[in-house]
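What follows is a set of notes on a single structure, which appears directly below.
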């Protein structure tokens, strides 16, 4: 009796549709830049779309985009200055919303 039950359950399992695993047919390669102090990728953000540099902190889980109000520290070398990269202009974006600091607190 147990053998029949096992065979029945095995047949039912084979008859059920199995979840199909999607295999990526194409890879997306994104050029990553290094400005001397941070890695970045070029993206578009906002409405209308604006080119911007998305910074990637390899020592944490943080990513961010600087805006036009970002300035280099006095004495910073041009190679490590965010002003050399694409900066987001909030004044040119219809979808920009300023968040309070509390939105980032744990």
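In mature numbering (1 follows the signal peptide of the UniProt record, and there is no 0), the protein residues as written are -15 to -1, 1 to 91.
Don't be surprised by glycine CBs; every beta carbon is placed ideally from N, CA and C.
Please read all numbers here as calculations on a predicted model, not as lab measurements.
Among residues of its own chain, excluding the 5 on either side of residue i, which ones have a beta-carbon nearer than 7 Å to its beta-carbon?
| i | result |
| --- | --- |
| residue 28 | 37, 39 |
From what residue to what residue does the beta strand (DSSP E) around residue i run?
| i | result |
| --- | --- |
| residue 27 | 24 to 30 |
| residue 38 | 35 to 41 |
| residue 8 | Per DSSP, residue 8 belongs to no beta strand (DSSP E) and is neither H nor E. |
| residue 82 | It is not in any beta strand (DSSP E) - residue 82 carries neither H nor E in the DSSP assignment. |
Relative to the alpha-carbon of residue i, which residue among the options has its alpha-carbon at the smallest distance?
| i | options | result |
| --- | --- | --- |
| residue 54 | 78, 8, 72 | 72 |
| residue 50 | 79, 23, 85 | 23 |
| residue 20 | 80, 57, 85, 34 | 57 |
| residue 70 | 8, 26, 16 | 26 |
| residue 79 | 30, 7, 15 | 30 |
Apart from the five residues on each side of it in sequence, which residues of its chain come closer than 6 Å, Cβ to Cβ, to residue i?
| i | result |
| --- | --- |
| residue 10 | none |
For residue i, which residues from the same chain have a beta carbon less than 8 Å from its beta carbon, with the 5 sequence-adjacent residues on both sides left out?
| i | result |
| --- | --- |
| residue 17 | 24, 25, 26, 41 |
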